[in-house]
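The numbering of the sequence shown is our numbering, which starts it at 1472 and goes up by one. For glycine and all other residues, C-beta sits at the position ideal for the given N, C-alpha and C. Scroll down for the structure; my scribbles are underneath it.
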Amino acid sequence: MKKAFRSSRAAALLSVLVLMAVVVGPVAAKVQMPRFLTIGTAGIGGAYYPIGVAMADLLTKQISGTNVTAQVTGGAVENVKLVSDRSLDLAITQSPMAYAGMHGTAPFDKKHTNVATLFSGLSEGVFHVVARQTPDIKSIADLKGKRVVMGPAGGGAINVMVDVLACYGLTLSDIKATYISYEEGCTALGDGQVDAVIVQSAAPAPAINQLAAAKKPFQVLSIEDQIVRKLITDFPYYGDIKLPAAMYGTARDVYTIYTTNMVIVRRDFSDDQVYEMTRILFENIDAVKNSHPSARGLTLEKAVRAVPIPLHPGAERYFREKGVLK
């Protein structure tokens, strides 16, 4: 009789515990994630593709029941469109393209608003202005009427140079622009055939290092502080950076600007979903950094610098928890 009573009491207690579990629920409810996610990259031969593959593998391993794939695309411009129309879920792009896409400015013909920043700082394209060492060139303003190599036609340096010149009250028509590669431009500078070369590249730039190794005289021009401040205010996809004199053997440190490659995400994902993606990527940041040399500088701090379009609230929550956003 006593054994039966104890069994009944145990059964009743178990029922209560089960009921409590149903009412209270798990301590931390799992985030419901899609079964499939796609990450837009670019062509297989560039940096975007291996970075996207690493991100996809990482998210697939860490999110139970979700398969993430890296997709070859047309690159930075197309990726903004594809994320906005939900053809992609995440994508890698350039900060100026994210900004232009959201605001519907060239090269876009309409606003693409279903995009948000997951993180910035994937790699930095530093704006270098390499010039002859001559008394009549001390500032970018002095390039008026000079022979300036802009890099290859269609390259990223051109749009940046247009923005910079505008802050000096100049346009491309005020310089004698030539469109050849950075390497060819630096060689021409060393031979005295041109006055300046614009190099939009991760620092240190190989083309400038080659010029230094050839023992050819050159200088790298700084952008004046007030011009940098105006650029950052007018164009939120720029950040400021100081290159130490030792980098290129220049007479002094160089103060300039940079753009960044970044990852965008669909704005219509829930905050919890994007928080989880951000957490996984940055708790395993070495997998992303090791995927390609251009990603090695990625840090939590850089992830929230020079953000051209608003962070997704889920990503913002994660970065605030980590103390890199106030």
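- The shortest C-alpha to C-alpha distance from THR1749 to any of LYS1773, ALA1722, ALA1786, LYS1713 is the one to ALA1786.
- Of the candidates ASP1528, THR1576, VAL1699, ASP1528 places its Cα closest to the Cα of THR1537.
- The continuous beta strand (DSSP E) containing LYS1713 extends over residues 1710 to 1714.
- Between LEU1641 and the set TYR1709, VAL1620, LEU1614, PHE1598, the nearest pair of CA atoms involves LEU1614.
- Relative to TYR1708, the option among GLY1572, ALA1624, LYS1797 whose CA is nearest is GLY1572.
- The continuous beta strand (DSSP E) containing LYS1647 extends over residues 1647 to 1649.
- When beta bridges are read from the DSSP output, HIS1574 appears opposite no residue.
- Under the 10 Å beta carbon count, SER1644 is surrounded by fewer than 16 other beta carbons and is classified as exposed.
- As computed with DSSP, VAL1734 is found in a beta bridge with ILE1563, PHE1590.
- C-alpha of SER1558 to C-alpha of ASN1585: approximately 11 Å in a straight line.
- For SER1762, the number of other beta carbons within 10 angstroms of its own is at least 16, and it is reported as buried.
- Around the beta carbon of LYS1552, 16 or more other beta carbons sit within 10 angstroms, so the residue counts as buried.
- Between the C-alpha atoms of THR1576 and THR1731 there is a straight-line separation of about 19 Å.
- Under the three-state reduction of DSSP, LEU1769 is assigned to coil, being neither helix nor strand.
- With respect to the 9 Å criterion, VAL1691 and TYR1719 are classified as neighbours on the basis of their beta carbons.
- Under the DSSP assignment, GLY1511 falls in the beta strand (DSSP E) whose first and last residues are 1507 to 1511.
- Note on GLN1744: 16 or more other CB atoms within 10 angstroms of its CB, so buried under the neighbour-count rule.
- Rounded to the nearest whole angstrom, the CA to CA distance from TYR1639 to ILE1611 is 8 Å.
- Straight through space, the alpha carbons of GLN1697 and VAL1670 are spaced by roughly 22 Å.
- Looking at the DSSP output, ALA1602 shares a beta bridge with ALA1667, GLN1690.
- Nearest neighbour of SER1591 by Cα position, chosen from THR1727, GLN1565, ASP1607, turns out to be GLN1565.
- One alpha carbon belongs to ASP1666, the other to SER1535, and they sit about 57 Å apart.
- In the DSSP assignment, ARG1618 falls within the unbroken beta strand (DSSP E) covering 1618 to 1620.
- In the displayed model, GLN1681 falls within a helix according to three-state DSSP.
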